[in-house]
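K.L.:
Residue numbers (my numbering), protein chains in the order written: chain A, 949 to 1283; chain B, 0 to 147; chain C, 47 to 162.
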Amino acid sequence: MKLGKQSIVFDHVYLGQAAVATGPKEKLGPLGSYFDQTYDDLYCGAKTWEKAEMQLMRDAIENCLTKNNIGSGEIDCFIGGDLNNQIIIGNYVMRDYDIPYLGVFGACSTSVEGLIIGAGMINGGSFNRVLAGTSSHNATSERQFRYPTEYGGQKPDTLTFTSTAAGVILLCDNATDLRLSGVTLGMVIDAKLNDPLDLGRAMAPAAFSTIEAHFRDFNTKPEDYDLIVTGDLSYYGKAMLIKLFKEINIDITDRYNDCGLLLYDRFQQEVFAGGSGCGCCAAVTYGYLLSKLRDKTYKKILVVATGALLNPVIVAQKETIPGIAHAAVIERIGE
Amino acid sequence: MNNEMKGAIEKVKKETKPKRKVLLNMIKAFLVGGLICLVAQIIIEILKKQFALDKTMANSVGIAIMVFFGSFLTGLGIYDKIGQFAGAGTIIPITGFANSMTSAALESKSEGVILGVFTNMFKVAGSVIVVGVISAFVFGTIRYLLGI
Amino acid sequence: MIYLMAFLVGGTICALGQIILDVFKLVPIYITSLFVSLGAMFDTFGLYDKLVEKAGAGATMPISSFGHSLVHSALEKAEQVGYIGILTGIFNLTAAGIAASIIFAFFIALIFRPKG
Chain A
949 MKLGKQSIVF
959 DHVYLGQAAV
969 ATGPKEKLGP
979 LGSYFDQTYD
989 DLYCGAKTWE
999 KAEMQLMRDA
1009 IENCLTKNNI
1019 GSGEIDCFIG
1029 GDLNNQIIIG
1039 NYVMRDYDIP
1049 YLGVFGACST
1059 SVEGLIIGAG
1069 MINGGSFNRV
1079 LAGTSSHNAT
1089 SERQFRYPTE
1099 YGGQKPDTLT
1109 FTSTAAGVIL
1119 LCDNATDLRL
1129 SGVTLGMVID
1139 AKLNDPLDLG
1149 RAMAPAAFST
1159 IEAHFRDFNT
1169 KPEDYDLIVT
1179 GDLSYYGKAM
1189 LIKLFKEINI
1199 DITDRYNDCG
1209 LLLYDRFQQE
1219 VFAGGSGCGC
1229 CAAVTYGYLL
1239 SKLRDKTYKK
1249 ILVVATGALL
1259 NPVIVAQKET
1269 IPGIAHAAVI
1279 ERIGE
Chain B
0 MNNEMKGAIE
10 KVKKETKPKR
20 KVLLNMIKAF
30 LVGGLICLVA
40 QIIIEILKKQ
50 FALDKTMANS
60 VGIAIMVFFG
70 SFLTGLGIYD
80 KIGQFAGAGT
90 IIPITGFANS
100 MTSAALESKS
110 EGVILGVFTN
120 MFKVAGSVIV
130 VGVISAFVFG
140 TIRYLLGI
Chain C
47 MIYLMAFLVG
57 GTICALGQII
67 LDVFKLVPIY
77 ITSLFVSLGA
87 MFDTFGLYDK
97 LVEKAGAGAT
107 MPISSFGHSL
117 VHSALEKAEQ
127 VGYIGILTGI
137 FNLTAAGIAA
147 SIIFAFFIAL
157 IFRPKG
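1. Comparing C-alpha positions only, which one of B:45, B:117, B:121, B:16 sits nearest to residue 58 of chain B?
2. Tell me which residue opens and which closes the beta strand (DSSP E) that residue 1274 of chain A is part of.
3. Between the Cα of residue 1179 of chain A and those of A:960, A:1036, A:1110, A:1259, spot the shortest distance and give me the residue it belongs to.
4. Identify the continuous beta strand (DSSP E) that holds residue 963 of chain A and give its terminal residues.
5. If you run the structure through DSSP and keep just helix, strand and coil, what is residue 1049 of chain A?
6. Quick test of your reading: residue 961 of chain A and residue 1128 of chain A, contact by CB under 8 Å. State the CB separation rounded to the nearest angstrom.
7. Could you give the DSSP three-state label for residue 19 of chain B: helix, strand or coil?
8. If you reduce the DSSP assignment to three classes, tell me which class residue 1204 of chain A lands in.
9. I'd like to check one pair, residue 1145 of chain A with residue 1063 of chain A: are the Cβ atoms closer than 8 Å?
10. Would you decide whether residue 1087 of chain A is buried or exposed? Buried here means 16 or more other CB atoms lie within 10 Å of its CB.
11. Starting from residue 133 of chain B and walking both ways along the alpha helix (DSSP H), at which residues does that stretch end?
12. Could you tell me the distance, in whole angstroms, from the CA atom of residue 61 of chain B to the CA atom of residue 99 of chain C?
13. Alpha carbon to alpha carbon, how far is residue 67 of chain B from residue 73 of chain B?
14. Which runs of the alpha helix (DSSP H) fall wholly inside the stretch 962-1032 of chain A and span at least 4 residues, in chain order?
15. Taking only beta-carbon positions, decide if residue 108 of chain B is within less than 8 Å of chain C.
16. Could you tell me which chain C residues have their CB closer than 9 Å to the CB of residue 1101 of chain A, listed as they occur along the chain?
17. Going by DSSP, name the residue or residues bridged to residue 1118 of chain A.
18. Does the beta-carbon of residue 89 of chain C, which I'm using as the reference point, lie nearer than 7 Å to any heavy atom of the ligand ATP?
19. With distances taken between CB atoms, is the gap from residue 1031 of chain A to residue 1084 of chain A smaller than 8 Å?
20. Whose Cβ in chain A lies nearer than 9 Å to the Cβ of residue 123 of chain B?
21. Decide if the stretch 81-91 of chain C is in contact with the stretch 105-124 of chain C; the criterion is three or more beta carbon pairs, one per stretch, under 8 Å apart.
22. What residues from chain B crowd round residue 1104 of chain A, counting only those whose CB sits closer than 9 Å?
23. What residues of chain A sit near residue 162 of chain C, judged by a beta carbon separation below 7 Å?
24. How many angstroms separate the CA atom of residue 1192 of chain A from the CA atom of residue 73 of chain C?
25. Say whether chain C places a C-beta atom closer than 8 Å to the C-beta of residue 113 of chain B.
26. Kindly indicate which three-state DSSP category residue 108 of chain C falls into: helix, strand or coil?
27. Are residue 1177 of chain A and residue 1249 of chain A close, meaning C-beta to C-beta below 8 Å?
28. Can you look up residue 74 of chain C in the DSSP assignment and give me helix, strand or coil?
29. Does chain C have any CB closer than 8 Å to the CB of residue 1030 of chain A?
30. Going along the chain, which residues of the stretch 127-138 of chain B sit with their C-beta nearer than 7 Å to a C-beta in chain C?
31. Can you pull the chain C residues whose beta carbon is under 9 Å from the beta carbon of residue 39 of chain B, in chain order?
32. What are the residues that DSSP puts in a beta bridge with residue 1248 of chain A?
33. Using the C-alpha atoms, what's the distance from residue 122 of chain B back to residue 75 of chain C?
34. Is it the case that the Cβ atoms of residue 56 of chain C and residue 35 of chain B are separated by a distance below 8 Å?
35. Contact check, residue 992 of chain A vs residue 977 of chain A under 8 Å by CB: the rounded distance?
36. Measuring straight from C-alpha to C-alpha, what distance separates residue 1268 of chain A and residue 1186 of chain A?
This is the structure:
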């Protein structure tokens, strides 16, 4: 059911088990123990970077099916996306599964975009079990958006480090301990920032817009959530978002964090401003935050995946960088 | 998004503009760039004295040797780490040119030799050659006309 | 003495590039393009040659010397055969550098694998 201007309330969409597969840096980060499958090098046992990312997606899907104790034949649909041109990761991985597939692109907001579409299908009564997943890989992203990985160009401190991770979650209509109670769809927000090496700040206005709309549509305030988390604003974007909310007299400081800052230890690992990429929000949410909900650390969280909607061609045409953010409310049922 | 929010974005955008460590980066670039040139000079002097090459030959061979080092360190995966530290100190010397070609070739290896390595080698370095030739043509023409 | 000058001049050129990189927030490709054309420009009046004499590798290592070599050999040939020499002689001095870059890049790419 639609709520307010851009939100939807769901009454029977539940979250099953999720699975996360990552590369080496994520394995060595603070959340390494929360992931189902990790690799010691970026090739993940494959021949090329792109095939490595496919391996991660495959691992996440397989682990998700196993953890939920279901076969692929019982899944109604897989909704997935990544950062590669033509979102080839999902396209090629799904060759091996007899599951109807919808490929989506929301840049790094893809994880929640998948949740929104899947939840809509379940709440509408069309489907019972939907998998939503996404992936990103540092090398495929560097190759496509920036420079060859061995190039000696200097990366500035504002750079966000694309994470090498894939996360897949099961959405279902039978009651579990976690409920996806509502979502807020984002609008494209272009704050006229144009530095592709500072995407955290470019996306902060989009997070600002969506979270404010969420509070308005649901008539809630920050204190109603145990945690508000953005996907990959990282160090500079996070600081900007806190300041933006202060300007409209809302203080999110004590319950706001960012997945890009949770996934890595910025001081021990060379990740510049923090993590980014579709896999960042997915890995942190599906690997770590769900378990924090389940172990009763949190009861209700707001996950806001943020995406920068650019490509190198349009940036070279002197265009600015628009962003988008989609929000999902996940809460534990019972006490 | 209302006007209050739009105003907030314009204000905070300016307030949060990140600063770069200009002085520190400059010193690092100076040291590493200077070091690379020093190493090249030592190699050129050795070529002149031990191998008795004349100035032009020694220069050309010296450049070829430095290009080799740039390529080799790129292959080993070390050049990008030095580059992160030194910035322009590794981009500006000819080793940076070698690195840009080698890294592009290396990255495209996954698409095979012809569609990958051959096609993409000049992806990053192409601009240097194009700009160089066009500049040389323009300035060369100016000088030629002035010389008449 | 030439060693010190090579270090100082080479370092200074790189430091200059770094300042432009940081102050104007440009990507490396702008810096290399700028310096190549500056090198070409400074050789128009023989200025770069003087720098090479004093600083050796400090002037020949930076990418600006690429621009200088292109102009230098273009004009050298033009003096011998007339204006068309600008086209026919332009790559004479830089041939070694370009050929070496291509050959080494190819072999290194064959042998090694990118590490990310």
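Yeah, the Cβ is synthetic: ideal placement off N, Cα and C, and Gly gets one too.
P.N.:
Per the coordinate set shown:
1. Nearest C-alpha to residue 58 of chain B: B:45.
2. It spans 1271-1280 - the beta strand (DSSP E) in which residue 1274 of chain A sits, taken as one unbroken run.
3. With respect to the C-alpha of residue 1179 of chain A, the residue from A:960, A:1036, A:1110, A:1259 having the closest C-alpha is A:1110.
4. In this chain, the beta strand (DSSP E) harbouring residue 963 of chain A covers 962-970.
5. Here residue 1049 of chain A sits in strand by DSSP.
6. Yes, they are in contact, since the Cβ atoms of residue 961 of chain A and residue 1128 of chain A sit about 4 Å apart, within 8 Å.
7. Coil, per DSSP.
8. Three-state DSSP puts residue 1204 of chain A in a strand.
9. The answer is no: Cβ separation not under 8 Å.
10. Classification for residue 1087 of chain A: buried.
11. Run containing residue 133 of chain B: 125-146, per the alpha helix (DSSP H) assignment.
12. So the two alpha carbons sit approximately 16 Å from each other.
13. The alpha-carbon atoms of residue 67 of chain B and residue 73 of chain B are separated by roughly 10 Å.
14. Those alpha helix (DSSP H) runs which fall completely within the stretch 962-1032 of chain A and span 4+ residues are 972-975, 997-1015.
15. At least one chain C Cβ lies under 8 Å of residue 108 of chain B.
16. Among the residues of chain C, those whose CB is under 9 Å from the CB of residue 1101 of chain A are 73, 74, 75, following chain order.
17. BP columns for residue 1118 of chain A point to A:1079.
18. As far as ligands go, the structure on display features none, and thus does not contain the ligand ATP.
19. Judged by beta-carbon spacing, residue 1084 of chain A lies within the 8 Å limit of residue 1031 of chain A, meaning their Cβ atoms are closer than that value.
20. Those are 1095, 1096, 1099, 1101, listed as they occur along chain A.
21. Judged by Cβ distances under 8 Å, the stretch 81-91 of chain C makes contact with the stretch 105-124 of chain C, as three or more pairs qualify.
22. Listed along chain B, the residues sitting closer than 9 Å to residue 1104 of chain A by beta-carbon distance are 17, 19.
23. Neighbours of residue 162 of chain C on chain A, chain order: 990, 1086, 1087, 1097.
24. Using only the alpha carbons, I get a separation of about 29 Å.
25. Among the CB atoms of chain C, none fall inside 8 Å of the CB of residue 113 of chain B.
26. Strand, per DSSP.
27. The criterion of a C-beta distance shorter than 8 Å is satisfied by residue 1177 of chain A and residue 1249 of chain A.
28. Reduced to three states, the DSSP call for residue 74 of chain C is helix.
29. Residue 1030 of chain A is outside the set of residues whose beta carbon lies under 8 Å from a beta carbon in chain C.
30. Per Cβ criterion, the list reads 127, 130, 131, 132, 134, 135, 136, 138.
31. The answer, in chain order, is 52, 56, 102, 103, 104, 106, 107.
32. Answer is A:1279.
33. Looking at the two C-alpha atoms, the distance is approximately 11 Å.
34. Cβ atoms of residue 56 of chain C and residue 35 of chain B: closer than 8 Å.
35. Cβ atoms of residue 992 of chain A and residue 977 of chain A stay farther apart than 8 Å, at about 16 Å.
36. Between residue 1268 of chain A and residue 1186 of chain A, the C-alpha separation is close to 20 Å.
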